[in-house]
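In what follows, a single structure is set out as structure tokens and then discussed.
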């Protein structure tokens, strides 16, 4: 469906942003040269970030394959909500937003 295709596109955009932020070299290129500079630099790369499987990165993140990711998940990723966050979530209808998530 169109909604699923839009959601997959958004997921891939977020995955790309995450990879650029996480990788020091990619982040430096992006900060120094912007989006166009990153695209140009990646056109010369042996393995371009634009060709990566972000679904695999998603799985790897939540499986804790990378030590930094594992530490984030263990120390901060599943931290309980603060009182303010709990109140906000209650007003929204729960953590899933009340949409069956």
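Numbering (my numbering), first residue to last: 416 to 516. Ideal Cβ positions, reconstructed from N, Cα and C, are used throughout, including at glycine. In this text the structure is predicted, and so the values were computed from the model without any measurement.
If contacts are defined as beta-carbon pairs under 8 Å, then residue i and residue j qualify, I think. What distance do you get, rounded to the angstrom?
| i | j | result |
| --- | --- | --- |
| residue 479 | residue 485 | 4 Å |
| residue 391 | residue 435 | Because the chain in this structure spans residues 416 to 516, residue 391 falls outside the shown range and cannot be described. |
Report yes if the CB atom of residue i is closer than 8 Å to the CB atom of residue j, and no otherwise.
| i | j | result |
| --- | --- | --- |
| residue 427 | residue 477 | no |
| residue 456 | residue 444 | yes |
Please classify residue i as buried or exposed, where buried requires at least 16 neighbouring CB atoms within 10 angstroms.
| i | result |
| --- | --- |
| residue 452 | exposed |
| residue 430 | buried |
| residue 419 | exposed |
Which residue comes first and which comes last in the alpha helix (DSSP H) that contains residue i?
| i | result |
| --- | --- |
| residue 452 | 439-458 |
| residue 484 | 482-487 |
| residue 476 | 469-478 |
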